[in-house]
Amino acid sequence: MKNKRVMFFILALLALVAILSAVHLNTRDTAVQGTVQVSYNEENFVLDYNKWQYKQVSGIRINGKGDEILVEGKGIELDEILKQLEIIHYRNVIVSSDDSYTAEVSAEEAGESGKVYLMYEKDAIRLIVFGDTDSKRSVSNVVRITVE
Numbered sequence: 014m015k016n017k018r019v020m021f022f023i024l025a026l027l028a029l030v031a032i033l034s035a036v037h038l039n040t041r042d043t044a045v046q047g048t049v050q051v052s053y054n055e056e057n058f059v060l061d062y063n064k065w066q067y068k069q070v071s072g073i074r075i076n077g078k079g080d081e082i083l084v085e086g087k088g089i090e091l092d093e094i095l096k097q098l099e100i101i102h103y104r105n106v107i108v109s110s111d112d113s114y115t116a117e118v119s120a121e122e123a124g125e126s127g128k129v130y131l132m133y134e135k136d137a138i139r140l141i142v143f144g145d146t147d148s149k150r151s152v153s154n155v156v157r158i159t160v161e
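With the sequence shown counted from 1, adding 13 to any position gets you this note's numbering.
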């Protein structure tokens, strides 16, 4: 009798975990491979990042330990993407990954030449803020950009 209760409890717990996992997976940000969604003033744009005009960039990123890391690759400035969409007046930009990790960049930072890039790596986009002491603002697998 006691074994049946334990077995029932374990099965109920497993069912609960399965349900919660399914709910979590349905709430994750997703995007069609090769695209980034940009939201601004209740408008949504879906951009194909394979068509962007990247240039070779390099800069220093600072990790959580304070070590400087040289980053090189193909990238495009975040401000350039926003200008192409005719987004000029904004306060900040929130960049989200496919696992809902987010980082915020101010309009002043995004407008500073050579600082905030969307880097192309391994068929995905990564937000890089060069010279930033907050290493937590490096976002890989970017799927959404929200402009406020």
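Glycine included, each C-beta is placed from N, C-alpha and C at the ideal position.
Judged by pairs of C-beta atoms under 8 Å, the stretch 129-147 does not touch the stretch 22-29, as fewer than three such pairs exist. For Gly124, the enclosing alpha helix (DSSP H) starts and ends at Ala120 to Gly124.
By the beta-carbon neighbour count (other beta carbons within 10 angstroms, threshold 16), Arg157 is buried. DSSP, reduced to helix, strand and coil, places Phe58 within a strand of the structure shown.
Restricted to the stretch 101-157, the alpha helix (DSSP H) segments that are unbroken, complete and at least 4 residues in length are 120-124, listed in chain order.
Just so you know, the alpha carbons of Gly86 and Lys68 end up roughly 8 Å apart.
Between Val155 and Ser109, the C-beta gap is smaller than 9 Å, which places the two residues in contact. For Lys15, DSSP records no beta bridge to any residue.
Note that the stretch 66-84 does not touch the stretch 99-107; fewer than 3 beta-carbon pairs, one per stretch, sit closer than 8 Å.
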